[in-house]
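*Asks:*
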Amino acid sequence: MSGRAPLGRVLADLGSTFIVSTVGEPDPARPVGGVLIHDPHDAPARLPGAIVLGVGIYGADEVVGLVEWAAVLGAAAVIVRAPIAVDEAVQAAVDKAAIPVLGLMAGASWAQVAALLRSMLSVDELVGEPAEEPLAGDLFALANAISALLDGPVTVEDRDGRVLAFSSRQDEGDEARIATILDRQVPAEKLRALEERGAFRLLYRNDEPLYLEGIAAKPRVAIAVRAGGEILGSIWVVVKQPLTRDRERALSDAAKVAALHLLRRRAGEDVGHRLRADLLATLLEGGEGAPGAAARLGLSAQPACVLALAATHTSPAADRAAVTHTSPAADQVVAADRIAGALALHLNAIHPRTATATLGGVTYAVLPATSDEAARRVAESFLERIGDRASAVIGVGGVAGRPEDLRRSRAEADQALRVLRERRPDLRTARLAAVYVDALLLELADRIATDGGPPDNPIVRLRVYDAEHGTTLTETLAAWLDAFGDVISASAAMHVHPNTFRYRLKRLATVSGLDLSTPEARFEAMLHLRLAP
1 MSGRAPLGRV LADLGSTFIV STVGEPDPAR PVGGVLIHDP HDAPARLPGA IVLGVGIYGA
61 DEVVGLVEWA AVLGAAAVIV RAPIAVDEAV QAAVDKAAIP VLGLMAGASW AQVAALLRSM
121 LSVDELVGEP AEEPLAGDLF ALANAISALL DGPVTVEDRD GRVLAFSSRQ DEGDEARIAT
181 ILDRQVPAEK LRALEERGAF RLLYRNDEPL YLEGIAAKPR VAIAVRAGGE ILGSIWVVVK
241 QPLTRDRERA LSDAAKVAAL HLLRRRAGED VGHRLRADLL ATLLEGGEGA PGAAARLGLS
301 AQPACVLALA ATHTSPAADR AAVTHTSPAA DQVVAADRIA GALALHLNAI HPRTATATLG
361 GVTYAVLPAT SDEAARRVAE SFLERIGDRA SAVIGVGGVA GRPEDLRRSR AEADQALRVL
421 RERRPDLRTA RLAAVYVDAL LLELADRIAT DGGPPDNPIV RLRVYDAEHG TTLTETLAAW
481 LDAFGDVISA SAAMHVHPNT FRYRLKRLAT VSGLDLSTPE ARFEAMLHLR LAP
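Residue numbering for the sequence shown follows full-length UniProt numbering, beginning at 1 and increasing consecutively.
Listed below in structure tokens is the structure:
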């Protein structure tokens, strides 16, 4: 079935690292339509071909109930925590529904498994079946072949340490390798340790395998995957000792095969990214094409909010920048892309239907949600999760009940994002409703700038006077207004005597022409203080 990965391929990709037991016989050709997390108190929309995650399902009776529930939804498979409780009733339910029950290994979190499954399915949903493989099998099959040749668990990674494929037998690795597989990303501390040792510099400057000890409990052999002069990624093997010359040559040959896979994969991802970006741009622009784009992205059936993300600063890895000859600006773009990819993965783990794309330097995401506050909490959770690895802010638009309304939600998200970047450095996320006054002030400042700058007003006169005479009359006025006219509090904030402060108030009234006894004058002064640069 075009556009859907078969169940056999998905289970092969999960490998023995995650699935340790099975009840029933999976149909390898059955198309997988998505991922559903079982909630006994919520009836989900029907999603034919879904893999159902049975979180908190234990005991034979609960397994039987889950299988029957999955059959009603037309699911392709069910995953529960191993060991699976199996009795005659469970076996009968599995046989009747023709839905296999898979046992998830201890230690694998449900969020990680959901994210992994959705990342496997996301490209297939957009671009359809992959073209004929240039070589037998896919990248996961290649990883398994390398593992058999070198007698150790294998990962294939991109330049940023993200795991693109892995072999079976990962349980023979160590804690660092298991963590890498579960997160689909090399742990940050391991990347730092490799960079400090200059491992990436050596790896990317040589064609031969590199033997590394002391970076984890077990040694590693790594080799760069390159096409011409371009570094595409690397292959990492957990080993017991250095490789023989024959095995080194085998790994070098495997790296050349991996390069073909990675080039094809990148081409397919580029097509998928462009298609998703075009569809999302059409959706966010509104108009006649919005409903069709929403349907293709699977966003027609529920209300949604637009999130707008922008990276504020990044810290590229020096070693990898040096060996790949990238500029700081280019590294910032790469890091921003990494944040955008992390956001897409995070949202896909929360909801089976989200859309994310980078347009004009801003990453937009359409997240099904019933309130903008719920969407903001999701954004806040994401930023807390990425922590110190990156710095970003996210503006949240209001709820759009129809695809045509997402244009308005995007405009609101853009307004909130601008406030976060220009006026509210204390916040990382914001709904427009929460920063509406700040947004209005920015719009008013734009209007003033368009008109040729602010006209002559009391605040302009005070600023000019301060600049010419080295005084602090503008700061004095701001302190007095912030203290609601309380001279004692305002003078303490300025660290001057109250009598000195009173003298300055009289002086600034004379210089500016302000009549601070009237509410209108005070309001005008507060407004201009916030608008003036």
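Note that beta-carbon positions come from the ideal geometry of N, C-alpha and C, so glycine has one too. This one's a predicted model, so the numbers in the text were calculated from it and none came from an experiment.
Could you tell me which residues DSSP puts in a beta bridge with E157?
*Replies:* Answer by DSSP bridge pairing, in chain order: V163 and S234.
*Asks:* Under the assumption that K190 contacts A199 (Cβ atoms under 8 Å), give the Cβ distance between them as a whole number of angstroms.
*Replies:* Rounded, the Cβ-Cβ distance is 10 Å, inconsistent with contact.
*Asks:* Quick one: what's got a C-beta closer than 6 Å to R423's C-beta in the same chain, skipping five residues either side?
*Replies:* Taken in chain order, the residues that qualify are D438.
*Asks:* Given this structure, state the Cα-to-Cα distance separating S147 from S391, to the nearest angstrom.
*Replies:* Whole-angstrom Cα-Cα distance: 37 Å.
*Asks:* Pop quiz: V52 and A71 are said to be a contact at Cβ under 8 Å. What is the actual Cβ separation, rounded to whole angstroms?
*Replies:* Not quite, the Cβ-Cβ distance comes to about 10 Å (not below 8 Å), so this is no contact.
*Asks:* For chain B, check one thing: does any of its Cβ atoms lie closer than 7 Å to the Cβ of E524?
*Replies:* In the displayed structure, chain B is absent; only one protein chain is listed.
*Asks:* Give me, in chain order, the residues of the same chain whose beta-carbon lies closer than 8 Å to that of D95; leave out the 5 immediate sequence neighbours on both sides.
*Replies:* G24, listed in sequence order.
*Asks:* State the beta-bridge partners of P498 as determined by DSSP.
*Replies:* Answer is none; P498 lacks a bridge partner.
*Asks:* Leaving aside the five residues before and after A131 along the sequence, list all residues of the same chain whose C-beta is less than 6 Å from its C-beta, in chain order.
*Replies:* Low per-residue confidence applies at A131: pLDDT is 37, beneath 50, and the placement is therefore not dependable enough to give any value.
*Asks:* Does the segment 456–469 come close enough to the segment 426–446 that 3 or more CB-CB pairs lie under 8 Å?
*Replies:* Judged by Cβ distances under 8 Å, the segment 426–446 makes no contact with the segment 456–469, as fewer than three pairs qualify.
*Asks:* Could you give the C-beta distance for P28 and G8, rounded to a whole number, given that I count them as a contact under 8 Å?
*Replies:* Confirmed, Cβ separation roughly 3 Å.
*Asks:* Is L139 closer than 7 Å to A165 when the C-beta atoms are compared?
*Replies:* In contact: A165 and L139 (Cβ atoms closer than 7 Å).
*Asks:* Is the segment 237–247 close to the segment 275–290, with three or more CB pairs under 8 Å?
*Replies:* At 8 Å Cβ cutoff, the stretches do not touch.
*Asks:* Do you know how far the Cα of L203 is from the Cα of A259?
*Replies:* Distance between the alpha carbons of A259 and L203: 15 Å.
*Asks:* On the three-state DSSP scale, how would you describe I339?
*Replies:* Residue state, collapsed to three classes: helix.
*Asks:* Classify Y58: buried if its beta carbon has 16 or more other beta carbons within 10 angstroms, exposed otherwise.
*Replies:* Y58 comes out exposed.
*Asks:* Flag this pair as touching only if the segment 507–519 and the segment 400–408 have three or more C-beta atom pairs under 8 Å; answer yes or no.
*Replies:* Touching, no, given that fewer than three Cβ pairs across the two stretches are closer than 8 Å.
*Asks:* Take the Cβ of R220 as the centre, count every other Cβ of all protein chains shown within 10 Å, and call the residue buried at 16 or more, exposed below.
*Replies:* That one is buried.
*Asks:* Quick one: give me the first and last residue of the beta strand (DSSP E) that Y204 is part of.
*Replies:* Run containing Y204: none in the beta strand (DSSP E); it sits in the alpha helix (DSSP H), A199 to R205.
*Asks:* Mapping DSSP to helix, strand and coil, what is S391?
*Replies:* In this structure, S391 counts as strand in the three-state DSSP scheme.
*Asks:* Give the straight-line distance between the Cα atoms of G49 and G214, rounded to the nearest whole angstrom.
*Replies:* Straight-line Cα distance between these residues: approximately 45 Å.
*Asks:* Apart from the five residues just before and just after L212, which ones in its own chain have a Cβ nearer than 7 Å to its Cβ?
*Replies:* Counting only Cβ-Cβ distances below 7 Å, and skipping sequence neighbours, we find A199, P219, R220 and A222.
*Asks:* For G103 and R402, I'd like the C-alpha separation in whole angstroms.
*Replies:* Using only the alpha carbons, I get a separation of about 40 Å.
*Asks:* Going straight from the alpha carbon of T312 to that of Y364, what length do you get?
*Replies:* Their backbone Cα atoms lie some 15 Å apart in a straight line.
*Asks:* CA-CA distance, R118 and P458?
*Replies:* If you take the alpha carbons of R118 and P458, they lie about 59 Å apart.
*Asks:* So the candidates are A145, T354 and T370; which of them puts its Cα closest to the Cα of R296?
*Replies:* The residue with the shortest Cα to Cα distance from R296 is T354.
*Asks:* What residue range is occupied by the uninterrupted alpha helix (DSSP H) comprising G65?
*Replies:* Per DSSP, G65 belongs to the alpha helix (DSSP H) from A60 to L73.
*Asks:* Taking the Cβ atom as the reference point for each residue, do V78 and G54 lie within a distance shorter than 7 Å?
*Replies:* Contact flag set, yes.
*Asks:* For P303 and V366, I'd like the C-alpha separation in whole angstroms.
*Replies:* Roughly 10 Å between the two C-alpha positions.
*Asks:* Measuring alpha carbon to alpha carbon, tell me which residue in D183, G152, V186 and A111 is nearest E172.
*Replies:* The shortest Cα separation from E172 among D183, G152, V186 and A111 belongs to G152.
*Asks:* Give the C-beta separation of T429 and A379 to the nearest angstrom, bearing in mind that I take them to be a contact with Cβ-Cβ under 8 Å.
*Replies:* At roughly 5 Å, the Cβ-Cβ gap stays under 8 Å, so T429 and A379 are in contact.
*Asks:* Rounded to a whole number of angstroms, what is the C-alpha to C-alpha distance between A255 and V154?
*Replies:* Distance between the alpha carbons of A255 and V154 is about 12 Å.
*Asks:* Would you mind stating whether residue 547 and G65 have Cβ atoms separated by less than 7 Å?
*Replies:* What the structure shows of the chain is the stretch from 1 to 533, and residue 547 is not part of that stretch, so it cannot be assessed.
*Asks:* Once DSSP output is grouped into helix, strand and coil, what is the label at I215?
*Replies:* Coil, per DSSP.
*Asks:* Where does the unbroken beta strand (DSSP E) through S21 begin, and where does it stop?
*Replies:* Residues I19 to V23.
*Asks:* Have a look at E88 and N348 and give me their C-alpha separation to the nearest angstrom.
*Replies:* If I take the Cα positions, the gap works out to 36 Å.
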